[in-house]
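Asker:
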Amino acid sequence: MMTLTEVNYYSKKMWPLIVILLLVLLIFIVAVRLLFMYSSSQSSNSEVSTGELVKFDPIFDKIPAPKIESVANSSDFSLIMDTLDGSANVENATSAAKVYFIPQRNASFGFLSKIYSMATAVGIDTDITQHRLIDKTAIFDDGKRKLTIDIRTFNYIFEYKVTDEGDISAAEILPSEAAIISDATTFFSSLGRYPTLLSQGDKGVSYIKFDPLTLEVTPLKTAENANAAEVNAYLPDLNGIPVVSSNYYSSQNYVLSLLGSNSQKIVRAQVQHFERSAEQVGLYPIRSSQSAWEALQSGEGVVVSSLNTSGEVKIRKVFLAYFDPPNYQEYFQPVYVFLGGDEFVGYVPAITADFLLK
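In structure tokens:
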């Protein structure tokens, strides 16, 4: 049996070892906790970056698919995926996208002064030519110029009637694209209906051969032999996602002008833009690009452009875009875009079927 003196002796001997063991144990516990925290952080970051961990917020519940006019049925084509990797994968794929509500406006009490100002801006003598109102549409028509205005949004369509060759004179030197775009933006501004988003987006110039006798319009690939030009105003990207129209290669916001020797005569112009709400925004799950590809092949897609109505088409690019409606629709929502040969363009609604009305 050990005496107190011996116990005290051995306790002093063992104490440094006990302290070392406690320090080792403490270091081990701290290391384990740090490793756990690091693993959790990496796991969380991975889930967010790959789009697996997304909190959807479908505040509008089920919504209708976008209404898009079709020029052909996608099931009539033999579609072949011919992208770089041979798949329908899109860059920066995500599992969710925002959907914006488009409020329908009511006519304001001051709409009369606004529409008369717009009519005067396009050269209509409003002392002689008064408007006629059909439902929510005001129409000015003096026989030469016709201006149709939605009194709620002030979206408009302007048409100048080209009656003979006297309305068009050949230009020895065509104006520059910059000058053509400048005249178009001046026209937009003169009517007081040039939405900020349109002013921020790109402008594209297309050259045209216009026949004043038959009123036929022939698109040209170059400016050679052109006597008219169309300026299309496009919306800027939204959340890094491009915005497309019902025609893809053009826009429902445009100015078409004859390129005369002295001045440009505006013969057609249109603004069909619907402001989306910045507050009423939902986050909806979207289908995979592979699912959209299968839908396009089965005829569920919408073909908005194609030089042919059937035949083999090689799809060379797939991407996600927002669809800008040419007519009022409640929601500004995403679609998958498929681009192929012979100017083939197909759209497929991107929102998953569970959140689209049948």
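Numbering (our numbering), first residue to last: 1 to 358. Cβ atoms here follow ideal geometry from the backbone N, Cα and C, with glycine treated the same way. Everything numeric in this text was worked out from a predicted model, so none of it was measured.
Mapping DSSP to helix, strand and coil, what is I286?
Answerer: strand
Asker: Based on Cα-Cα distance, which residue from N239, A65, S78, V99 lies nearest to Q280?
Answerer: V99
Asker: Go to T148, then tell me how far its beta strand (DSSP E) extends in each direction, as first and last residue.
Answerer: Per DSSP, T148 belongs to the beta strand (DSSP E) from 145 to 150.
Asker: Thinking C-beta only, is F188 closer than 9 Å to S176?
Answerer: no
Asker: If we call anything under 9 Å between Cβ atoms a contact, is I180 one with A229?
Answerer: yes
Asker: On the premise that V303 lies in contact with G240, defined as a C-beta separation below 8 Å, what is that separation, rounded to the nearest angstrom?
Answerer: The pair is not a contact, with the Cβ atoms about 26 Å apart (cut-off 8 Å).
Asker: Between the Cα of Q270 and the Cα atoms of T196, V337, L256, which residue gives the shortest distance?
Answerer: L256
Asker: Along the chain, where does the beta strand (DSSP E) that runs through S257 open and close?
Answerer: 254 to 259
Asker: Out of I27, I29, A31, P66, point me to the one whose CA is closest to A353's CA.
Answerer: P66
Asker: Are the region 232 to 252 and the region 319 to 330 in contact at 8 Å, needing three or more beta carbon pairs?
Answerer: Counting C-beta pairs with one atom in each stretch, the region 232 to 252 and the region 319 to 330 have three or more that are closer than 8 Å, which means they touch.
Asker: When burial is assigned at 16 or more other CB atoms within 10 Å of the CB, is I128 buried or exposed?
Answerer: Note on I128: under 16 other CB atoms within 10 angstroms of its CB, so exposed under the neighbour-count rule.
Asker: Output the distance between the C-alpha atoms of I63 and Y284, rounded to the nearest integer angstrom.
Answerer: 10 Å
Asker: By the 10 Å Cβ neighbour count, where 16 or more other Cβ atoms means buried, how is F56 classified, buried or exposed?
Answerer: exposed
Asker: Check the C-beta distance from I124 over to R145 and give it rounded, since I have them as a contact under 8 Å.
Answerer: 5 Å
Asker: Assign V71 to buried or exposed, taking buried as 16 or more other Cβ atoms, counted over all protein chains shown, within 10 Å of its Cβ.
Answerer: exposed
Asker: In the DSSP assignment, the beta strand (DSSP E) including S305 goes from what residue to what residue?
Answerer: Residues 302 to 305.
Asker: Buried or exposed, going by whether 16 or more other CB atoms sit within 10 Å of the CB of R132?
Answerer: By the neighbour-count definition (other C-beta atoms within 10 Å, threshold 16), R132 is an exposed residue.
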